[in-house]
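K.L.:
I am attaching a structure below and will ask some questions about it afterwards.
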Amino acid sequence: METQAFQKVYTKITNLTKATVTLKASDVGYDEMALVNGRMAQVVKIMRDEVILQVFGGTEGIPTNADVVFLGRPPQLKVGEQLAGRFFNAFGDPIDGGPEVEGRTIDTGGPSVNPVRRKQPSQLIATGIAGIDLNNSLVTGQKIPFFADPDQPYNQVMANVALRAEADKIILGGMGLSNDDYLYFKNVFDNAGALDRIVSFVNTTDDPPVERLLIPDMALTAAEYFAEEKQQKVLVLLTDMTLYADALSIVSNRMDQIPSKDSMPGSLYSDLARIYEKAVQFPHGGSITIIAVTTLNGGDITHAIPDNTGYITEGQLFLRMDSDVGKVIVDPFRSLSRLKQLVIGKQTREDHPQVMNAAIRLYADAANAKTKQENGFDLTDYDERTLKFAKEYSEQILAVDINIDTEKMLDTTWDLFKENFSREEVVVRQEFVEKYWRK
Amino acid sequence: MERKSKTTGVVAGIIANLVIVEVDGPVAQNEICFIHHPESNLMAEVIKILGKNVYVQVFESTRGLKIGTKVQFEGHLLEVTLGPGILSRNYDGLQNDLDKMEGVFLKRGDYTDPLNRTIKWDWKPLAKPGDEVIAGSWLGEVPENGMPHRIMVPFKFEGSYVVKSVVEPGQYTVDDVVAVVTDADGNDIELTMVQKWPVKMAVKAYKEKPRPFKLLETGVRTLDTLNPIAEGGTGFIPGPFGTGKTVLQHAISKYAEADIVIIAACGERANEVVEIFTEFPELEDPRTGRKLIERTTIIANTSNMPVAAREASVYTAMTLGEYYRSMGLKVLLMADSTSRWAQALREMSNRLEELPGPDAFPMDLTAIITSFYARAGFVYLNNGESGSITFIGTVSPAGGNLKEPVTESTRKAARCFYGLNQTRADGKRYPAIDPIDSYSKYLEYPEVMEYLSQNVGESWLDSVMKTKTLLLRGREAQEQINILGDDGVPLEFHERFWNSELIDAVILQQDSFDKIDANCPMNRQKYMLEKVLDITDKKFSFETFEDVNGFFKRIINHLKQMNYSEWESDKFKTYESELEDIMKERLN
Ligand SMILES: Nc1ncnc2c1ncn2[C@@H]1O[C@H](COP(=O)(O)OP(=O)(O)O)[C@@H](O)[C@H]1O
Ligand SMILES: [Mg+2]
Chain A
1 METQAFQKVY
11 TKITNLTKAT
21 VTLKASDVGY
31 DEMALVNGRM
41 AQVVKIMRDE
51 VILQVFGGTE
61 GIPTNADVVF
71 LGRPPQLKVG
81 EQLAGRFFNA
91 FGDPIDGGPE
101 VEGRTIDTGG
111 PSVNPVRRKQ
121 PSQLIATGIA
131 GIDLNNSLVT
141 GQKIPFFADP
151 DQPYNQVMAN
161 VALRAEADKI
171 ILGGMGLSND
181 DYLYFKNVFD
191 NAGALDRIVS
201 FVNTTDDPPV
211 ERLLIPDMAL
221 TAAEYFAEEK
231 QQKVLVLLTD
241 MTLYADALSI
251 VSNRMDQIPS
261 KDSMPGSLYS
271 DLARIYEKAV
281 QFPHGGSITI
291 IAVTTLNGGD
301 ITHAIPDNTG
311 YITEGQLFLR
321 MDSDVGKVIV
331 DPFRSLSRLK
341 QLVIGKQTRE
351 DHPQVMNAAI
361 RLYADAANAK
371 TKQENGFDLT
381 DYDERTLKFA
391 KEYSEQILAV
401 DINIDTEKML
411 DTTWDLFKEN
421 FSREEVVVRQ
431 EFVEKYWRK
Chain B
1 MERKSKTTGV
11 VAGIIANLVI
21 VEVDGPVAQN
31 EICFIHHPES
41 NLMAEVIKIL
51 GKNVYVQVFE
61 STRGLKIGTK
71 VQFEGHLLEV
81 TLGPGILSRN
91 YDGLQNDLDK
101 MEGVFLKRGD
111 YTDPLNRTIK
121 WDWKPLAKPG
131 DEVIAGSWLG
141 EVPENGMPHR
151 IMVPFKFEGS
161 YVVKSVVEPG
171 QYTVDDVVAV
181 VTDADGNDIE
191 LTMVQKWPVK
201 MAVKAYKEKP
211 RPFKLLETGV
221 RTLDTLNPIA
231 EGGTGFIPGP
241 FGTGKTVLQH
251 AISKYAEADI
261 VIIAACGERA
271 NEVVEIFTEF
281 PELEDPRTGR
291 KLIERTTIIA
301 NTSNMPVAAR
311 EASVYTAMTL
321 GEYYRSMGLK
331 VLLMADSTSR
341 WAQALREMSN
351 RLEELPGPDA
361 FPMDLTAIIT
371 SFYARAGFVY
381 LNNGESGSIT
391 FIGTVSPAGG
401 NLKEPVTEST
411 RKAARCFYGL
421 NQTRADGKRY
431 PAIDPIDSYS
441 KYLEYPEVME
451 YLSQNVGESW
461 LDSVMKTKTL
471 LLRGREAQEQ
481 INILGDDGVP
491 LEFHERFWNS
501 ELIDAVILQQ
511 DSFDKIDANC
521 PMNRQKYMLE
531 KVLDITDKKF
541 SFETFEDVNG
551 FFKRIINHLK
561 QMNYSEWESD
571 KFKTYESELE
581 DIMKERLN
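Quick mapping for you: the protein sequence lines, in order, are chains A and B.
Note that full-length UniProt numbering has the first sequence beginning at 1, numbered continuously upward.
Note that full-length UniProt numbering has the second sequence beginning at 1, numbered continuously upward.
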């Protein structure tokens, strides 16, 4: 731990709460890091000669005469090529038994990219998952979360996406990760021979929850180093952002702030946006793509955490169990990739946008037919056909275990159209129907 | 707010971007100050004064700031700099020119000049010596991207003045003296092309503000046809995330018949601004043939930029709009999203530990929103010319619930309500504006009704009302079908339902990403609406409800293909005649 001989040691804490300590001190900078009895802390408020520190590990057992040392710096990370293949905690200290990283020290949570220095994202990320590539194509520089109930295999899907994405670096930011999931990621990356492209910052369920608050900044500082300085394609995985937001609310409640919706701090939107907006495409080719996980409570997306997230990110991938086919699918209704129009029909086949929309429209018709059926009404021939289509579409396109290329996804969808509908029922531009409606 | 010496102070407290300064002299509410952080000067605005303690919101991160740091008060409020060269610029919320900043990352305290001081403008005088002038009077003009940019007597000037001299036509920079005016006491005042104005105050340099009466064409069918916005009118677009607020605003800013478009990207995504930077220099203004970017100014204060400047950004945008309106131009102002501005107010109000209103928003939220919307409008200037600001803001209701404070406050302020509906968006029925809940109060204005029947068609309003009725009856029929089943209702119900589906598919839905369909001029809108209404009037013969479904799907398909085809092209006409053939099959 970093303490230096000449630093002043304070030993008189005047107030103590579950998360904070207050003491009299001078020459302290806002956001500055400190050590309280060896525990990491950060300045969150200064009033004249009184300084309030948030102690990340909690204040249990801290006495009023604890040693307090100010470090004269905000949270920092040492960056360099050596980060690759390594595992760190929320403070950027190695947890894999390896040596300290040699490199340049930079402040985390730094400034934003000037919007005029960004480039419009335009490079397709192929994942092989049709529910993503066909209906919600991802693009480098995008930020998008999985919305999933806690029992869904979001970490597995995310790991698959990461490995297929052809990124130069994958940076894992784990917040409240169970030890099993942490080992799962380690194994998958190892088995894929990808460990040397991966940097991990992990806060597990064994660590104090408030420490999670530092994870996204750590991960994104490393990402900026590789993307901006080394001009690499960087993919950042953040799981689980709901646990991050929970930590925010713990802190704000302990600091007696007025909560807004769902006991979240009023600044939740800005707090999350600051993280997600680090996703960027640089003109020189480097990029940061963020794929996150936001776990839901019983599928409720109106809760403040998914709600604010949805307003910030460039779409969301909604995982749902389809009981008709017994598989987890990417739900075409609630899922959205806002950047898809930058690539579909341009980097993919010309008929992509229209085929995608037509299939979803028919899938919606099937949902209506299903409601009708559940209400005990007779189904029309068209209804029956949409139901059959929906089942096949779910199995062959939407299921997360599909791994095919976009061309195949489009051909499969045309096949399903032809099998179940007439040309007019499909409503696609005439020229495409003529070209792709298979005889 | 003239003061002999500048008031100074020292930092006494820091909570995120709220800083408490102990001062040694007078300060004013909303006055600007600079905090002398060793790295750079941080700009801040006074928001509360308690004795010697002045609370300021800092427009930057306060990281590393220490107690005792010196602060200097500037003696003026947050101001914008007005002059030629604002068009096609990309500013942040405080009107710093983003392109002038160095480096990839924004640097704290990097304040750049909004204007170019060296280029020369082609000046043509409009006033002559001896003319009596007041604030806002036109002294001369310079062409700015093809638009006449009027140089005016500064808005801050009170009372009347006499023009003493005006420079000859020629090339001048914005800082050259272009006119001299004499005040009532006989003092001569030199004027350049530049003036400043505090953003939170409305510019009142006009003679009167009548009720809006003209239609502002946007090229979006569901607006222009069903719920038109008037030139100088106000509207808002509330909708859950992903329902199409931003796409709709971008579509409007591309195709609306405005001279100037100002877009305030307020606390939303940076990539959406990049989209404008990338697309607008390529796209043409359908009316002038010039590039869209030439008539556009962007105020980008995206969600990752400092929160306090987010609040300033909408005021900056509005003030720039008022400046161009005073030149007799038609300004379209867009803000996406006004909820982020309200949230910025909430964050600060919470930090100030003010008594919170509903959902922890400040108590005076409605008043703040209303007085902002009131700055839009159609005006007659003192010289008889007219100008306008049409304002459309988006609202991002928490949890998609329209009963939340920002939506409810905005409803009181805006005259058009374009509510985006989640179910429509889920079904990809874009734009997802709910045709039944949405409204335009302008349709009830006699002057607007008069304008529409004179300029669009005598029976136009009847057609619009009929369309609304058909949509409503279609929805009722659909509810009955859902309750009683397809066979449980008379065939007529299916026809009613499908008539409304026809209107929905052909008139309401519009693909903003299709080259042709994206923009639909009024004459085309009229043609298509009349065509569709004509079909709804016809008596077709059907045996079963499945006949009805099948038939309508076929005609919808053809009408959609028409929407995708070049106006009056051969393709368009072929689809149209095929459509006639299909209909003949079912006509008695
Ligand atoms: N008029 C439209 N035509 C086609 N697609 C649209 C239209 N409006 C919205 N969309 C789709 O919906 C997505 C979300 O729209 P957006 O305007 O970004 O939503 P919001 O601003 O309400 O969150 C877009 O990325 C696009 O895929
Ligand atoms: Mg938006």
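Idealized CB from N, CA, C, for every residue including glycine.
State the Cα-Cα distance for the pair residue 167 of chain A and residue 31 of chain B, rounded to the nearest angstrom.
P.N.:
Each residue's Cα considered, the two are about 49 Å apart.
K.L.:
Pull out every residue of the stretch 274 to 294 of chain B whose Cβ sits closer than 7 Å to any Cβ of chain A, in chain order.
P.N.:
If the cut-off is 7 Å between Cβ atoms, the stretch 274 to 294 of chain B has 274, 275, 277 and 278 near chain A.
K.L.:
Would you call the stretch 72 to 88 of chain A and the stretch 47 to 60 of chain A in contact, with 3 or more CB pairs under 8 Å?
P.N.:
The stretch 72 to 88 of chain A is not in contact with the stretch 47 to 60 of chain A.
K.L.:
For residue 427 of chain B, would you say it is in contact with chain A, using Cβ-to-Cβ distances shorter than 7 Å as the test?
P.N.:
Judged by the 7 Å Cβ criterion, residue 427 of chain B is in contact with chain A.
K.L.:
State the beta-bridge partners of residue 197 of chain B as determined by DSSP.
P.N.:
Partner(s): B/80.
K.L.:
Does any residue of chain B bring its CB to less than 7 Å from the CB of residue 360 of chain A?
P.N.:
So yes, residue 360 of chain A belongs to the interface.
K.L.:
Listed from N- to C-terminal order along the chain, which residues in the stretch 331 to 345 of chain A have their beta-carbon within a distance smaller than 8 Å of any beta-carbon of chain B?
P.N.:
So the close ones are 333, 334, 336, 338, 339 and 341.
K.L.:
Can you check which of these residues, A/316, A/387, A/391 and A/299, is closest to residue 149 of chain A by C-alpha distance?
P.N.:
For residue 149 of chain A, the nearest C-alpha among the options comes from A/299.
K.L.:
How close, in whole Å, do the beta carbons of residue 393 of chain A and residue 359 of chain A come, if the pair is a contact with beta carbons under 8 Å?
P.N.:
Contact holds; Cβ gap of about 6 Å.
K.L.:
Give the DSSP bridge partners of residue 149 of chain B, in chain order.
P.N.:
DSSP lists B/142 as partners of residue 149 of chain B.
K.L.:
At a threshold of 6 Å, does residue 335 of chain A count as lining ligand 1 (C-beta to nearest heavy atom)?
P.N.:
Incorrect: residue 335 of chain A has no Cβ contact closer than 6 Å to ligand 1.
K.L.:
Between residue 205 of chain A and the rest of its own chain, which residues show a CB-CB distance below 8 Å, the 5 nearest in sequence each way excluded?
P.N.:
Correct list, in chain order: 176, 177, 178 and 179.
K.L.:
DSSP puts residue 300 of chain B in a beta bridge; with which residues?
P.N.:
DSSP lists B/265 as partners of residue 300 of chain B.
K.L.:
My understanding is that residue 302 of chain A touches residue 400 of chain B, with C-beta atoms under 8 Å, so please give their C-beta distance in whole angstroms.
P.N.:
Between residue 400 of chain B and residue 302 of chain A the Cβ distance is about 6 Å, and since that is below 8 Å, they are a contact.
K.L.:
Starting from the C-beta of residue 562 of chain B, find all residues in its chain whose C-beta is less than 7 Å away, skip the five residues before and the five after it, and write them out in chain order.
P.N.:
Same-chain partners within the cutoff: 572, 575 and 576.
K.L.:
Let's see if you can read the secondary structure: which residues bound the alpha helix (DSSP H) around residue 5 of chain B?
P.N.:
First-last for residue 5 of chain B: undefined, no H or E at that position.
K.L.:
For the alpha helix (DSSP H) containing residue 430 of chain B, name the first residue and the last one.
P.N.:
Segment: none, residue 430 of chain B is in no alpha helix (DSSP H) and carries neither H nor E.
K.L.:
Which chain B residues sit within Cβ distance under 8 Å of residue 111 of chain A?
P.N.:
What residue 111 of chain A touches in chain B: 61, 105, 106, 107 and 108.
K.L.:
Which chain A residues are close to residue 34 of chain B, counting only those with a beta carbon under 7 Å from its beta carbon?
P.N.:
Residues of chain A passing the Cβ test: none, with the nearest at roughly 17 Å.
K.L.:
Rounded to a whole number of angstroms, what is the C-alpha to C-alpha distance between residue 495 of chain B and residue 448 of chain B?
P.N.:
Distance between the alpha carbons of residue 495 of chain B and residue 448 of chain B is about 33 Å.
K.L.:
Any idea if residue 1 of chain A is buried or exposed, counting beta-carbon neighbours within 10 angstroms, 16 or more meaning buried?
P.N.:
Because residue 1 of chain A sits at a pLDDT of 47, beneath the cut-off of 50, its placement in the model cannot be relied upon, and the following sentence gives the value as read from the coordinates. Counting Cβ neighbours within 10 Å, residue 1 of chain A comes out exposed, since fewer than 16 surround it.
K.L.:
Going along the stretch 92 to 118 of chain A in order, which residues come within less than 9 Å of chain B, judged by CB to CB distance?
P.N.:
Those would be 107, 109, 110, 111, 112, 113, 114, 115, 116, 117 and 118, in chain order.
K.L.:
Does the beta carbon of residue 343 of chain B come closer than 7 Å to any beta carbon on chain A?
P.N.:
Answer yes: the Cβ-Cβ gap between residue 343 of chain B and chain A drops below 7 Å somewhere.
K.L.:
Any residues in the stretch 356 to 375 of chain B with a beta carbon nearer than 9 Å to a beta carbon of chain A? Which ones, in chain order?
P.N.:
Those would be 356, 359, 360 and 361, in chain order.
K.L.:
Say whether the stretch 434 to 452 of chain B touches the stretch 222 to 232 of chain B, bearing in mind that this needs 3 or more beta-carbon pairs closer than 8 Å, one atom from each stretch.
P.N.:
A contact exists between the stretch 434 to 452 of chain B and the stretch 222 to 232 of chain B.
K.L.:
In terms of alpha-carbon separation, which member of A/76, A/397, A/436 and A/370 lies closest to residue 33 of chain A?
P.N.:
Taking only the C-alpha atoms, the option nearest residue 33 of chain A is A/76.
K.L.:
Along the chain, where does the alpha helix (DSSP H) that runs through residue 155 of chain A open and close?
P.N.:
Counting along the chain, the alpha helix (DSSP H) containing residue 155 of chain A begins and ends at 154 to 164.
K.L.:
Quick one, are the C-beta atoms of residue 55 of chain B and residue 47 of chain B less than 7 Å apart?
P.N.:
Against a cut-off of 7 Å, the Cβ pair of residue 47 of chain B and residue 55 of chain B comes out as a contact.
K.L.:
Closer than 9 Å, Cβ to Cβ, to anything on chain B: give me those residues from the stretch 27 to 47 of chain A, in chain order.
P.N.:
Cβ contacts with chain B: 27, 28, 29, 30, 31, 32, 43, 44, 45, 46 and 47.
K.L.:
With three or more beta-carbon pairs closer than 8 Å as the criterion, would you say the stretch 97 to 110 of chain A touches the stretch 280 to 300 of chain A?
P.N.:
Touching, no, given that fewer than three Cβ pairs across the two stretches are closer than 8 Å.
K.L.:
Who are the near neighbours of residue 157 of chain B in its chain, counting only those whose CB is closer than 6 Å to its CB and skipping five residues on each side?
P.N.:
Correct list, in chain order: 135.
K.L.:
Check whether the Cβ of residue 246 of chain B lies closer than 6 Å to any heavy atom of ligand 2, and answer yes or no.
P.N.:
Yes, Cβ of residue 246 of chain B sits closer than 6 Å to a heavy atom of ligand 2.
K.L.:
Please specify which runs of the alpha helix (DSSP H), each continuous and at least 4 residues long, are wholly inside the stretch 81 to 148 of chain A, giving them in chain order.
P.N.:
Correct list: 130 to 133.
K.L.:
Name the chain A residues that come within less than 8 Å of residue 561 of chain B, Cβ to Cβ?
P.N.:
429 and 430, listed in chain order.
K.L.:
In terms of residue numbering, what span does the beta strand (DSSP E) encompassing residue 203 of chain A cover?
P.N.:
From DSSP, the beta strand (DSSP E) with residue 203 of chain A extends over 198 to 204.
K.L.:
What are the residues that DSSP puts in a beta bridge with residue 79 of chain A?
P.N.:
Paired residues: A/104.
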